[in-house]
């Protein structure tokens, strides 16, 4: 009898534990997206664009921290296609990164199911095509990650939440733009600026209420200044970091970057201009939207507010005011400042210098003298299957050498758990924007001229915030710290897509000889195979 009672007790405990484990698993969200061509007129001229489920821009992906995303992407274009998830860390899962170094592109009339988790992130992100010049045709959209109810946010819950995808735009098709680049020429100046795929749109709210504006520069090449007529903006989040809540009249948002601001509707009830205009350009392109107060019968009046008259110096000074909110929680219930980056000694330093060489008479872009070309076999597959001849680990130097630029497949070897200092040195007269997949990083500082070790005295080692895309001003440098705690093959690239397409990118191979699922997930069962891996089996 005692044994029977004990057996029932054990069964009962196991049942409770089983129920607990089932309930403890994070929710799964399922999506099916179909990619097609369509015709719209964003600048008043009919042109072919890329639609996702018939939408331009694509569907807004709204999830909660730690949600598991299962997204079946069906490619109905006439070219291979991929999406990358801009700013999503893909913890231990570079197999889902959606770039040519990690994934085979999805062939026409085929599909691939992405499986990833919005792990320990809250914030404003985007997705966009990573193949060819598809980004110039659309296929981009918002990816907003909201906090779990058990994790407080360090600002009052807004009364509504608006997403604004701002960016420059061309009237020419993506294939025409690709032909220009393939022929060795640079792209022309863009034809306009769009807000959510339009030249004008309206956002409405009630007087006295607070609204969040999630602003992302999904453009091709141009920094934008964002402002709202007669309203200030309280900055609360930058690419997943809760920052000190300073107020601004306008914000510079560089290519690939995202910010979130709170706006209180505290003016007279009428309509006001929302403005996005190009920065650091001889000819200024402007898009306007409308902020409409409920029951307003007064249209916008007067000229739209102007961007700051000064440019690079003003923008750099503004960037230095962005600081981490050390008292706020992150996506997990621990203070963001508990990991004291400023007291860690870097294990190494890398200096990346961008350049714009002519190679074989054609315009290319390079990093440390190497203009990257993607092989037919993704680097990640070459690693997994030990395929020789796809890339080498001495293909690019970690400091600029001044040698004549060449083309090559650029991979830098790094060890898992390295803590590295990266300096982006820009000796050109153009604005640069750099993005690192799989990570966010601490932005330590900006400066004019050449970086030197003496510049470390200007670093912010107290409350620098983290982000995934950072700007580098003309004839200037930007320094970051990156904690390489995410194993995989990770793309470091120019966010300005002409430069990325023509070689201004590379890969960090973050590796350890210890094979463990605690470090990296195994190859997915539905992996696409191509190149030298086409006939192999996972």
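Residue numbers (mature numbering (1 follows the signal peptide of the UniProt record, and there is no 0)): -24 to -1, 1 to 514. The C-beta atom is built at its ideal place from N, Cα and C for all residues, glycine as well.
Leaving out five residues before and five after residue 243 in sequence, what residues of the same chain have Cβ atoms less than 6 angstroms from its Cβ? 206
Taking a contact to mean a Cβ-Cβ separation below 8 angstroms, would you say residue 104 touches residue 62 in this structure?
yes
* Asked: In three-state terms, what does DSSP make of residue 361?
  -> helix
Problem - Cβ separation of residue 307 and residue 96, assumed to be a contact under 8 angstroms, to the nearest whole Å - result: So it is a contact: roughly 4 angstroms between Cβ atoms.
Next on the checklist: So, with DSSP's three-state summary, where would you put residue 261?
Outcome noted: coil
Exercise. Would residue 399 pass as a contact of residue 427 if the rule is Cβ separation under 8 angstroms?
Worked result: Contact check for residue 399 against residue 427 passes: the beta carbons are separated by less than 8 angstroms.
Could you tell me the distance, in whole angstroms, from the CA atom of residue -19 to the CA atom of residue 1? With a pLDDT of only 42 at residue -19, under 50, the local geometry of the prediction cannot be trusted, and the value read off the model is given with reservation. If you take the alpha carbons of residue -19 and residue 1, they lie about 29 angstroms apart.
#### Entry: Alpha-carbon to alpha-carbon, residue 137 and residue 494
36 angstroms
query = Within 10 angstroms of its Cβ, does residue 198 collect 16 or more other Cβ (buried), or is it exposed?
reply = Counting other Cβ atoms within 10 Å of its Cβ, residue 198 reaches 16 or more and is therefore classed as buried.
Hey, which unbroken runs of the beta strand (DSSP E) at 3 residues or more fall wholly within the stretch 129 to 212?
136 to 145, 168 to 171, 178 to 181, 186 to 193, 200 to 204
* Asked: Looking at C-alpha atoms only, which residue of 420, 449, 443, 442 is the closest neighbour of residue 435?
  -> 420
Point to revise | alpha helix (DSSP H) segment containing residue 296, residue limits | key: Residue 296 -> alpha helix (DSSP H) spans 288 to 296.
Note to self: Out of 60, 354, 240, 223, which one is the CA nearest neighbour of residue 184?
What the structure shows: Its Cα nearest to that of residue 184, the residue 240 stands out among 60, 354, 240, 223.
Since residue 518 and residue 35 are thought to touch, with beta carbons under 8 angstroms apart, how far apart are those beta carbons, to the nearest angstrom? With the chain running from -24 to 514 in the structure shown, residue 518 is simply not present.
Inset, instruction - Can you grab the Cα-Cα spacing for the pair residue 151 / residue 216, in whole Å? - result: 34 angstroms
query = Which residue comes first and which comes last in the beta strand (DSSP E) that contains residue 496?
reply = First-last for residue 496: undefined, no H or E at that position.
Do you know offhand how far residue 517's Cα is from residue 272's?
Because the chain in this structure spans residues -24 to 514, residue 517 falls outside the shown range and cannot be described.
On the DSSP bridge assignment, give the partners of residue 560 in chain order. Residue 560 is absent from the structure shown; the chain starts at -24 and stops at 514.
*asked:* By alpha-carbon positions, which one of 219, 93, 283, 381 ends up nearest to residue 226?
replied: For the options 219, 93, 283, 381, the alpha carbon positioned closest to that of residue 226 is the one of 283.
* To do: Name the two residues that bound the continuous alpha helix (DSSP H) containing residue 476.
  => Segment 473 to 477, the alpha helix (DSSP H) holding residue 476.
TODO: For the beta strand (DSSP E) containing residue 389, list its first residue and its last residue.
DONE: 387 to 391
ask   = Does the Cβ of residue 511 have 16 or more other Cβ atoms within 10 Å, making it buried, or fewer, making it exposed?
value = exposed
Exercise for the section: Pick helix, strand or coil for residue 93, following the three-state DSSP scheme. Expected result: strand
Rounded C-alpha distance that separates residue -6 from residue 189:
Low per-residue confidence applies at residue -6: pLDDT is 37, beneath 50, and the placement is therefore not dependable enough to give any value.
- prompt: How about the stretch 108 to 124 and the stretch 65 to 73: do they share at least three Cβ pairs that are nearer than 8 angstroms?
  reply: no
Query raised in the report: How many Å lie between residue 123 and residue 45 at the Cα?
Result: Rounded to the nearest angstrom, the two C-alpha atoms are 16 angstroms apart.
Subject >> Option in 490, 330, 470, 290 with minimal Cα separation from residue 106 >> reply: Cα-wise, what sits closest to residue 106 is 470.
**OP:** Drop a sphere of 10 angstroms on the beta-carbon of residue 380, count the other beta-carbons inside from all chains shown, and report buried for 16 or more, exposed for fewer.
**Re:** exposed
(Q) Measuring CB atoms only, is the stretch 373 to 390 touching the stretch 343 to 354, in the sense that at least three cross pairs come out at less than 8 angstroms? (A) Flag = yes, the stretch 373 to 390 and the stretch 343 to 354 touch.
Next on the checklist: Considering Cα atoms alone, identify which of 119, 141, 168, 186 is closest to residue 133.
Outcome noted: With respect to the C-alpha of residue 133, the residue from 119, 141, 168, 186 having the closest C-alpha is 186.
What does the alpha-carbon distance come out to for the pair residue -3 and residue 4? The predicted model places residue -3 with a pLDDT of 41, which falls under 50 and marks its position as unreliable, so this point remains unresolved.
| said: Could you tell me the alpha carbon to alpha carbon distance between residue 100 and residue 491, rounded to whole angstroms? | reply: 33 angstroms
Counting along the chain, where does the beta strand (DSSP E) carrying residue 487 start and finish?
481 to 487
Just to check my reading of the structure: residue 179 and residue 267 have Cβ atoms closer than 8 angstroms, yes? What is that Cβ distance to the nearest angstrom? 6 angstroms
Buried or exposed, going by whether 16 or more other CB atoms sit within 10 Å of the CB of residue 182? exposed
Top-ranked residue by Cα proximity to residue 145, from 253, 444, 291, 295: 253
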